[in-house]
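Per the working numbering, the very first residue in the sequence shown carries number 718; after that it's consecutive.
Note that CB positions come from ideal geometry on N, CA and C, so glycine has one too.
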Amino acid sequence: MKQVVQNYKSGELALLDVAAPACKPGGVLVRTAFSLISTGTELMKVSEASMSMVGKARSRPDQVAKVMQSVATNGVGATYRKVMNKLDSYTPLGYSLAGVVEEVGAGIEDVAVGDLVACAGNEHALHSELNWVPKHLYARVPAGLDPRHAAFGTVGSIAMQGVRRGEPQLGDIALVIGLGLIGQLVVQLLTASGVRVLGVDPDPGRCELAGRLGALVCSTPGSGIVDTAVGELTDGHGVDQVYLAAGGSTNEPVELAARLSRDRGRVIDIGKCRLDLPWNAYYEKELDVRFSRSYGPGRYDPSYELEGRDYPIGYVRWTERRNIECFLDLAARGRVDVEPLITHVAGFSTAVETYQRLNDGELKAVAVLFRYPQEAPAVTEPVLASAPVPSPVRTAHPMGRVRVGFVGAGNYASSMLLPHLAERGDVELKQVATTSALSGANARRKFGFAEATTDVDGLLDDDSIDAVFVVTRHSSHAELTRRALLAGKAVFVEKPLALSEAEVGKILAAIEESGNDRLQVGFNRRFAPLLNEAKTQFGKRIGPASVRYLVNAGRLEAGSWYNQADTEGTRFAGEGGHFVDTVSWLLGEDPVSVYACGTPGQQDLQIVLRYPDGSTATISYATSGSTGFQKETLDLLADGKVLRFDDFLRTSVFSRKKWSSPRIPKGRDKGQKSEVDAFVDAVASGGPMPVPLDSLVSTTLATLAVNTSLATGVPVRIEVPS
């Protein structure tokens, strides 16, 4: 199938052939009939992509701050790879469409195959021939509503949410600043609510259009016409609400809003305009400034959008889905008319040209629709429409190549694992399977996979694949590992191996059934060159050791999927295995018991591990520390010696003679390349896996035991099944 994409680094727009998405439970597969270009949001993104790197940084200071934090935590090298991977990737465009349900996923009963639906979401309602859309991001289109008009459902709900934030009442007088697509819809929604509306826009044509759609007076800023009309209509008091639907870098909209608002009026920001509020003007009138967040309640909440958990109507009357349904109903009953807004309808095959004409200013438009073919052409494999897919230069290997399949190709896989595989001459990247077709297409373009697909089953069943990398969300690791082992593959799975003892048991049962124990978990720290050198310098340990490992983990962003403990496990269950494995490797033993306690809410944890020879280790896993401090520091004391490790930058050994490594100036090598090399070499040679299976299982059980100990308040004994 075809999809419109953009490379944010180069600014390139392309119509890409990608694998069709699978129909997952909790949603529907929709074949697009019409999709709407957001001439504000999308063109801003297209324009940003054409900027220099400095221009991009200036336009997104929030992202620059994240990059600087990543540098402090992960080093320059790792951050550079991560940022460049993200920038030099195709990203999707689009978020508002109408189409026909082609397949219904498990758990969906409100629509059927053949139903016309309006769809929302910048990850689910893309300019693409097929989209998988979760339950709360689609709405059935009322009978008789033109599919072209239904494609406005998402943008209409954005305007509607803005109006709801303004809380208009019958007889109110409102001012809409910015009469682009959103502004024109706000004008109509306010008029339908019994509000008298005035409008301001620098484009006289848009002012005239808003007048035809219900605004009493519209004019360009600075003309004085709207100022006069406000004075006459309000007896000099000012308007009840001002809706900011403008973009750009000028501060004129917020200054105009203050001048024309009544005392204690409301100013609602819907667009993305400059908001340097003139303090005196807003203070003297005690203006109520409100923000309108996208389509409505539920937006950016994974439990609502992806997991299908609705908000009770008695508490949240208008969710994003109910907003879309309401807008479609108004359009079907003629209370909102989007036909006058449609400036241009373009065939989907001309998508790249259409964007370029809009961005260059050649095509002046309020709303542009893409029209899709009724039947999508068959696609045998995903390829770039504009150019052949490049393949990395590889050298022949006398022993043959290890043929690799990847399940998942997110940012970690693309920046920390795949570059090391792609540079090896003895590795053949056969197939990558991803939930997002575009993610797979990006991996294929960058690393030279022979095929990209959304069919995980097909990849696991492919007899030509020797080894499978599982780099997906935590909840899927155990089952994918189990299936890959049963299929006879060598498996590299990112941590964690499993989220429960029952999952560990199923993996061990699969190993016993298949006789295949070719398994490695991505515990990369034991492969870090700096730690290996420190262990060598410390020498053989004789007596029991005491270890202190401080992990300054930091806080997660509110929307991070790591916070989804119900489905993805606790944060420590997800990444704590790294630290348990590192300590066990340094000591050359596997833990026999685990005791854990935590601060209220279990944000900061203290974990005590006991080992067979009497050694103990305390892992302090904290989220409340300063981001300016190192992430990982470790001290190991034994036999009159001390090993000191400072966050992959420097390490020292204190004994009769002190040894210190040179400080690493260019970044932190956390061992990913070495662990990938060790895995591939083991697969190629048939030799033992780099980490014994018992150790992988012991580390996983010890990590899971932390939650058990927190719940019971007692130590948990670790017993690896024989």
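DSSP beta-bridge partners for residue i?
{"i": "W1376", "result": "V1370"}
{"i": "V1325", "result": "Y1312, T1335"}
{"i": "H1061", "result": "V1085"}
{"i": "Y1032", "result": "Answer is none; Y1032 lacks a bridge partner."}
{"i": "N848", "result": "V747"}
{"i": "T808", "result": "Q723"}
{"i": "Y1266", "result": "I1336, L1351"}
{"i": "Y855", "result": "C836"}
{"i": "G816", "result": "T749, V834"}
{"i": "G1122", "result": "Q1148, V1185"}
{"i": "Q958", "result": "A891, R983"}
{"i": "F1209", "result": "F1186, Q1237"}
{"i": "E1168", "result": "Q1148"}
Can you list, in chain order, the residues of its chain whose CB lies under 6 Å from that of residue i, leaving out five sequence neighbours each side?
{"i": "L1360", "result": "A1251, F1255, L1353, V1370"}
{"i": "A1095", "result": "Unreliable placement is indicated for A1095, whose pLDDT of 42 sits below 50; the coordinate value is still reported in the next sentence. For A1095, where only same-chain residues beyond five positions count, there are no Cβ hits under 6 Å."}
{"i": "A737", "result": "M718, L847"}
{"i": "L1413", "result": "V1238"}
{"i": "G1125", "result": "V1188, T1189"}
{"i": "F1186", "result": "F1123, F1209"}
Tell me the residue span of the alpha helix (DSSP H) that contains residue i.
{"i": "R1161", "result": "1154–1164"}
{"i": "W1302", "result": "1288–1304"}
{"i": "F1044", "result": "1037–1049"}
{"i": "A876", "result": "870–883"}
{"i": "L1176", "result": "1173–1177"}
{"i": "Y999", "result": "996–1002"}
{"i": "T1416", "result": "1410–1429"}
{"i": "H1137", "result": "1135–1139"}
{"i": "D944", "result": "942–950"}
{"i": "Y1279", "result": "Counting along the chain, Y1279 falls outside any alpha helix (DSSP H), and DSSP gives it neither H nor E."}
Between which two residues does the beta strand (DSSP E) harbouring residue i extend?
{"i": "A1084", "result": "1084–1088"}
{"i": "R1358", "result": "The residue you asked about is not Arg; residue 1358 is Lys in the sequence shown. Unbroken beta strand (DSSP E) run through K1358: 1358–1363."}
{"i": "C924", "result": "Careful: C924 lies outside any beta strand (DSSP E), inside the alpha helix (DSSP H) at 921–929."}
{"i": "E1145", "result": "1144–1150"}
{"i": "S1391", "result": "Element bounds for S1391: not the beta strand (DSSP E) but the alpha helix (DSSP H), 1389–1402."}
{"i": "V1069", "result": "Taken as a continuous stretch (DSSP letters only), V1069 belongs to no beta strand (DSSP E), being part of the alpha helix (DSSP H) at 1068–1077."}
{"i": "A1219", "result": "Looking at the DSSP string, A1219 is not in any beta strand (DSSP E); the run it does join, the alpha helix (DSSP H), is 1218–1231."}
{"i": "D1005", "result": "1005–1008"}
{"i": "G916", "result": "913–917"}
{"i": "D734", "result": "730–734"}
{"i": "V904", "result": "Taken as a continuous stretch (DSSP letters only), V904 belongs to no beta strand (DSSP E), being part of the alpha helix (DSSP H) at 898–909."}
{"i": "S936", "result": "934–936"}
Residue i and residue j: beta carbons closer than 8 Å?
{"i": "L1177", "j": "A1204", "result": "yes"}
{"i": "S1310", "j": "R1434", "result": "yes"}
{"i": "P1362", "j": "L1248", "result": "It should be noted that the sequence gives Phe, not Pro, for residue 1362. Yes, Cβ-Cβ distance for F1362 and L1248 is below 8 Å."}
{"i": "A1419", "j": "L1326", "result": "yes"}
{"i": "A1068", "j": "F1044", "result": "no"}
{"i": "G744", "j": "P809", "result": "no"}
{"i": "P1019", "j": "R929", "result": "no"}
{"i": "T951", "j": "I894", "result": "no"}
{"i": "G931", "j": "V914", "result": "yes"}
{"i": "V817", "j": "L833", "result": "yes"}
{"i": "L1427", "j": "V735", "result": "no"}
{"i": "R923", "j": "I1059", "result": "no"}
{"i": "A835", "j": "G879", "result": "no"}
{"i": "H841", "j": "S752", "result": "no"}
{"i": "T1287", "j": "N1159", "result": "no"}
State the CB to CB distance for the pair residue i and residue j, rounded to an integer number of angstroms; the pair is presumed to be in contact (CB under 8 Å).
{"i": "Q723", "j": "L733", "result": "Actually they do not touch by this definition, with Cβ atoms about 10 Å apart."}
{"i": "S1011", "j": "I875", "result": "6 Å"}
{"i": "L907", "j": "P885", "result": "6 Å"}
{"i": "K1390", "j": "H1137", "result": "5 Å"}
{"i": "G1388", "j": "F1244", "result": "3 Å"}
{"i": "G1293", "j": "Y1338", "result": "7 Å"}
{"i": "L898", "j": "S755", "result": "7 Å"}
Within the same chain, show all residues whose beta-carbon is closer than 7 Å to that of residue i, passing over the 5 residues directly before and after it, in chain order.
{"i": "G1291", "result": "H1191, P1213, Y1279, E1285"}
{"i": "F1164", "result": "P1109, L1135, A1139, L1146"}
{"i": "Y1328", "result": "L1304, E1306, P1308, V1309"}
{"i": "L760", "result": "L1075, N1076"}
{"i": "D1358", "result": "Residue 1358 is actually Lys in this sequence, not Asp. The answer, listed in chain order, is F1255, V1370, F1371, S1372."}
{"i": "F1396", "result": "F1209, Q1237, P1407"}
{"i": "P742", "result": "G822, A823, G824"}
{"i": "G988", "result": "G757, G895, I899, L961, A962, A963, G964"}
Beta-carbon of residue i versus every beta-carbon of chain D: anything under 8 Å?
{"i": "V1359", "result": "No chain D is present in this structure, which holds just one protein chain."}
Between which residues of its own chain and residue i is the CB-CB distance below 8 Å, once the five residues before and five after are set aside?
{"i": "A1093", "result": "Residue confidence for A1093 is low, a pLDDT of 43 falling below 50, so the modelled location carries little weight and cannot support an answer."}
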